[in-house]
Ligand code: CO
């Protein structure tokens, strides 16, 4: 069942989303060669708790941290630890927070110092593919329209779309219906309505789309070892079009 949100609820979700934006910004400012992903996790957790919110990820199906930190060929769900970033890495940071009962969920992939031109292009195209998906997230369109917008943009730029993980509805729970694939065919799938709130989160690989999960049972990596990027926003569908909630 897809749970529609009232304008008042969307207002509460905007507060959670705004906090998540600030957390991502603060973590982003700390990203540099030499920092560990555990230090980034601590910054996020402290910032979330200082705001009177709770990290959505911590304890979720036993997940041990407040952020996911996914480096280079890691696609999503990298667990923070003692790894130190080095110049040329890319790192996906995914943050979720629940404030006054409502979740915000957003991710960005950052460059660590100077990165290869191919890595820089992957980051740019992945973020732009998210923008294309958000543009398509309009009442009357379908989930297939959203997925197709993301997929056609990424593939036109020579990259591939991860199939094994998808976006999701979000509200009082971090994961609600519907599933939001980053691939699809125009006009197919559920029709979007005002009041739906979706976490749209393309995961785009420089090589093939296949992924596998490491022995820690969380970290998803590209099967061919190619770089991967991830951007995510929490987006409300309103009569006036898509509204990104994970902004300042
Ligand atoms: Co999400």
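In my numbering, the protein residues as written are 12 to 259. A virtual CB, placed ideally from N, CA and C, is assigned to each residue, including glycine. Predicted model, so just to flag it, every value in this text is computed and none were measured.
So which of 143, 228, 45 and 123 has the shortest CA-CA distance to residue 3? Nothing about residue 3 can be reported from this structure: the residues present for the chain run from 12 to 259 only.
Verify the contact flag: residue 187, CB atom, against every heavy atom of ligand 1, threshold strictly below 6 Å. Because no heavy atom of ligand 1 lies under 6 Å away, the Cβ of residue 187 does not count as near it: no.
Suppose the cutoff is 6 Å on Cβ atoms and the five residues either side in sequence are ignored; what does the same chain contact list for residue 200 look like? Excluding positions up to five away in sequence, the list reads 153, 154 and 155.
Let me make sure I understand the geometry here. Which of 96, 109 and 223 has the alpha-carbon closest to that of residue 46? Looking at the Cα atoms, 96 is the closest of the given residues.
To the nearest whole angstrom, what separates the beta carbons of residue 164 and residue 24, a pair I think is in contact under 8 Å? With 8 Å as the limit, residue 164 and residue 24 do not qualify as a contact, their Cβ atoms being about 26 Å apart.
May I ask you to list the residues that DSSP assigns as paired with residue 214? According to DSSP, residue 214 bridges with 241.
Beta-carbon spacing of residue 107, residue 116 below 7 Å: At a Cβ-Cβ threshold of 7 Å, residue 107 and residue 116 count as neighbours.
Nearest CA to the CA of residue 101: which residue from 77, 89 and 126? Put simply, of 77, 89 and 126 the residue whose alpha carbon is nearest the alpha carbon of residue 101 is 126.
With a threshold of 8 Å, are at least 3 pairs of Cβ atoms found where one atom belongs to the region 203–215 and the other to the region 28–43? Segments in contact, no.
Quick one: using the 10 Å Cβ neighbour count with 16 as the cut-off for buried, is residue 80 buried or exposed? The residue in question, residue 80, is buried, as its Cβ has 16 or more Cβ neighbours within 10 Å.
Mind checking whether the beta-carbon of residue 210 lies closer than 6 Å to any heavy atom of ligand 1? With a cut-off of 6 Å, the C-beta of residue 210 is classified as near ligand 1, since at least one heavy atom of the ligand falls inside that distance.
With a threshold of 6 Å, establish whether the CB of residue 52 neighbours any heavy atom of ligand 1. For ligand 1, not one heavy atom lies less than 6 Å from the Cβ of residue 52.
Evaluate residue 225 with the Cβ neighbour count: other Cβ atoms within 10 Å of its Cβ, from every protein chain shown; 16 or more gives buried, anything less gives exposed. That one is exposed.
Under 8 Å: do the region 75–92 and the region 44–58 share three or more Cβ pairs, one atom per stretch? They touch, by the three-pair rule.
Please report the straight-line C-alpha distance between residue 16 and residue 209, rounded to a whole angstrom. Roughly 11 Å between the two C-alpha positions.
Is it right to say residue 220 is buried, meaning 16 or more other beta carbons lie within 10 angstroms of its own, or is it exposed? Buried is the call here.
For ligand 1, any of its heavy atoms closer than 6 Å to the Cβ of residue 156? Checking the Cβ of residue 156 against ligand 1 gives no.
Return the residue from the list 252, 138 and 111 that minimises the CA-CA distance to residue 121. Looking at the Cα atoms, 138 is the closest of the given residues.
Cutting at 8 Å between CB atoms, please list the residues of its own chain near residue 183, excluding the five before and the five after it. These residues qualify, in order along the chain: 14, 112, 113 and 114.
DSSP state of residue 145 mapped onto helix, strand, coil: Helix, per DSSP.
Pair within 7 Å by beta-carbon distance, residue 88 and residue 231: Taking 7 Å as the Cβ cut-off, residue 88 and residue 231 qualify as a contacting pair.
Less than 7 Å between the C-beta atoms of residue 158 and residue 103, yes or no? Residue 158 is not a Cβ neighbour of residue 103, given a cutoff of 7 Å.
Would you decide whether residue 9 is buried or exposed? Buried here means 16 or more other CB atoms lie within 10 Å of its CB. Not covered by the structure: residue 9. The range shown for the chain is 12 to 259.
Could you please give me the residues that DSSP links to residue 113 through a beta bridge? Looking at the DSSP assignment, residue 113 forms a beta bridge with 110.
For residue 44, is the classification buried or exposed, using 16 other Cβ atoms within 10 angstroms of its Cβ as the cut-off for buried? So residue 44 ends up on the exposed side.
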